[in-house]
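S.K.:
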Amino acid sequence: MPAQLKEVRNRIGAVKNTQKITKAMKLVAASKLRRAQERITQMRPYSVKLNDMLSNIASGSEGNANIVYASERAPEKVLLVAVTSDKGLCGGFNSSISKLAKSVIAERYSEQKAAGNVEVMIIGKKSYDVLKKEEDLTFNLEHIDLFNRLTFDNVAEVAEYVMDSFIDKKYDVVEILYNQFKNQVTQIAVSERFLPITKLESDDAETAKVSKAKSDFIYQPSQAAIIEELVPKILKTQFFRNLLDSNASEHGARMTAMANATENAEELLRDLKIMYNRARQAAITTELTEIVSGAAALQG
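Each step along the sequence shown adds one to the number in this note's numbering, with nothing skipped, and position 262 is 282.
#1: Within 10 Å of its beta-carbon, does Pro216 have 16 or more other beta-carbons around it, so buried, or fewer, so exposed?
#2: Would you call the segment 181-198 and the segment 85-96 touching, i.e. three or more CB-CB distances under 8 angstroms?
#3: Pull up the DSSP beta-bridge partners for Phe201, would you.
#4: With three or more beta-carbon pairs closer than 8 angstroms as the criterion, would you say the segment 94-105 touches the segment 282-295?
#5: Below 8 angstroms on the Cβ atoms is my guess for Leu166 versus Val178; work out the distance and round it to an integer in Å.
#6: Check whether the Cβ atoms of Tyr198 and Ser266 sit closer than 7 angstroms, and answer yes or no.
#7: Mapping the DSSP letters down to three states, classify Arg213 as helix, strand or coil.
#8: Look at the Cβ atom of Gln204, then the Cβ atom of Asn71, and state whether they are nearer than 7 angstroms.
#9: What are the boundary residues of the beta strand (DSSP E) that Thr158 is part of?
#10: Which residues in the same chain as Ala299 place their Cβ atom closer than 8 angstroms to its Cβ, once the five residues preceding and following it in sequence are excluded?
#11: Among residues of its own chain, excluding the 5 on either side of Thr227, which ones have a beta-carbon nearer than 6 angstroms to its beta-carbon?
#12: Give the single residue among Ala316, Leu53, Leu292 whose Cα lies nearest to the Cα of Gly33.
#13: Would you list the one or two residues that DSSP bridges to Met141?
#14: Are the Cβ atoms of Leu74 and Ile196 separated by less than 7 angstroms?
#15: If you check the beta carbons only, do Ala56 and Met275 fall under 7 angstroms apart?
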């Protein structure tokens, strides 16, 4: 019985220590989340408006011919940018992107994968740990540590490499797989086409008329000059926004995971304390029984 009590005491101590760690990690994640949430909240409206403008320009009859990034080609060579984190302990944040990557490849690019024409650019180490087991995939690990230097200039360099590779026909399609930040407890794994630029779709004549009106911009000094200067900046901004989304999602997922872990530790502590008290009461009862039995034997 003393051995059992000691074992339960040790387990209680271990759980308390673990709970201290999860509480600390929750506080750290909450602090990082506030900063990351501010960045994506300020960035998203600007990025969304620019992206709408880009789609409108690309859908215009004249703009379509001048934007090299809107060039539609047969998707023979594919680049998937898988954005995860460098660390774990954030629930299903990383696994959701790995599952999404497998799903996207199976549904849309199975033939390209069989031909060895699917390349995965890894941003964040965790997706590589899972996807490296997949056959017929090529990996680009040059920017795996990008989150250690998450600034617009550094991200713009990566985006520019992707854009130049698309122009050089190294890739025909580029998709970004990342977790879109909704709130502290909700992150949605999404796949967005980065290149070629997505054009507005017109289902009927009225929609086509509205789309044409939206695309009817007046360019100063000239259409070519504006597009040449504006489109690359919009694409780099979009790429940066996707990474900010993923960064905020990571901290939100980790904060939620650590909060759940802390609550689970509290429940486990309650169960262990009940178990300890019952074992202690049983030990006391046994000792009292032995004392009474001994005294009765001496009297008899």
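Backbone N, C-alpha and C fix where the C-beta goes; we use that ideal spot for every residue, glycine too.
Only a predicted model underlies this, so the values are computations on that prediction, with no experimental measurement involved.
M.R.: According to the structure shown:
#1: Taking the sequence shown and counting its residues from 1, the one referred to as residue 216 is at position 196. Only buried fits Pro216, as 16 or more other CB atoms lie within 10 angstroms of its CB.
#2: With a cut-off of 8 angstroms, the segment 85-96 and the segment 181-198 count as touching, because enough Cβ pairs lie within range.
#3: By 1-based counting over the sequence shown, the position of residue 201 is 181. According to DSSP, Phe201 bridges with Gln207.
#4: Touching, no, given that fewer than three Cβ pairs across the two stretches are closer than 8 angstroms.
#5: Position 146 of the sequence shown, counted from the start, is the residue given in the question as residue 166. Position 158 of the sequence shown, counted from the start, is the residue given in the question as residue 178. Contact holds; Cβ gap of about 6 angstroms.
#6: Taking the sequence shown and counting its residues from 1, one reaches residue 198 at position 178. Taking the sequence shown and counting its residues from 1, one reaches residue 266 at position 246. Yes, the pair counts as a contact, with Cβ atoms nearer than the cut-off.
#7: As a first step, residue 213 must be located in the sequence shown, where it is residue number 193. Correct three-state label for Arg213: strand.
#8: By one-based count along the sequence shown, residue 204 stands at place 184. By one-based count along the sequence shown, residue 71 stands at place 51. Between Gln204 and Asn71, the CB-CB gap reaches or exceeds 7 angstroms.
#9: On the sequence shown, position 138 is the one that residue 158 refers to. For Thr158, the uninterrupted beta strand (DSSP E) segment begins and ends at 158-160.
#10: Walking along the sequence shown from the start, residue 299 turns up at place 279. Cβ neighbours of Ala299 within its own chain (closer than 8 angstroms, five residues either side excluded): Met21, Gln24, Leu25, Val28.
#11: Residue numbering aside, residue 227 sits at position 207 when the sequence shown is read from its first letter. A caution first: Thr227 carries a pLDDT of 47, below 50, which makes its placement in the model too unreliable to give a value.
#12: On the sequence shown, position 13 is the one that residue 33 refers to. Ranking the options by Cα distance to Gly33, first place goes to Leu292.
#13: The residue you call residue 141 lines up with position 121 of the sequence shown. DSSP, once it has assigned bridges, lists Val101, Asn160 as partnering Met141.
#14: In the sequence shown, the residue the question calls residue 74 occupies position 54. In the sequence shown, the residue the question calls residue 196 occupies position 176. Contact flag unset, no.
#15: Along the sequence shown, read from residue 1 onward, the residue named residue 56 stands at position 36. Along the sequence shown, read from residue 1 onward, the residue named residue 275 stands at position 255. Taking 7 angstroms as the Cβ cut-off, Ala56 and Met275 do not qualify as a contacting pair.
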